[in-house]
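Working notes for the structure below.
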Amino acid sequence: MSSQILRKLQGGNLEVFKFGMYVLFPIGWMYYFGTNLDNRFSTKGFWPTAEQSHKIPLDKEEIDQELTRMRMVDAMKREQRQAAETQAQIQATPSQQ
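Taking full-length UniProt numbering, the leading residue of the sequence shown gets 1, the next gets one more, and so forth.
In structure tokens form, the structure reads like this:
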């Protein structure tokens with residue numbers, strides 16, 4: 001049975017078969033991996049939910065509030081950094097008694 005198939009796949013028929021494989025294999029591969037992606041290749045909880053992600057401010061008031069919040073965070077970090085630097089300077093200077 002298989003020898004009959006192999007005898008038929010000689011010459012031009014073999015080239016047509018190879019061409020069909022060259023064309024259909026990538027199409028089949030893309031179809032298999034391109035369909036039903038949500039169920040096949042998904043990891044639950046990978047992307048953050050709407051509550052967990054950042055909300056981009058769109059209104060002027062929201063932008064002003066966000067800028068105020070960012071400036072407050074920067075000021076707090078600056079104060080902490082300055083306090084740490086002064087503490088390091090106090091510890092670095094030898095006490096003179």
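C-beta: ideal position from N, C-alpha, C; glycine also.
Out of curiosity, what's the CA-to-CA distance linking residue i and residue j?
i	j	result
N36	L67	42 Å
Q87	R78	14 Å
M30	I5	28 Å
F41	M72	42 Å
Please list, in chain order, all residues of the same chain as residue i whose beta carbon is under 7 Å from its beta carbon, the five residues on each side excluded.
i	result
F17	L9
Below 6 Å CB to CB, which residues in the same chain sit around residue i once its five sequence neighbours on both sides are set aside?
i	result
P57	I63 and E66
Note to self: So within the UniProt region "Disordered" (78-97), which uninterrupted alpha helix (DSSP H) runs reach at least 4 residues, ignoring any that extend past its ends?
What the structure shows: none
Can you check the segment 25-52 for any beta strand (DSSP E) of at least 3 residues that lies completely inside it and give the ranges in chain order?
none
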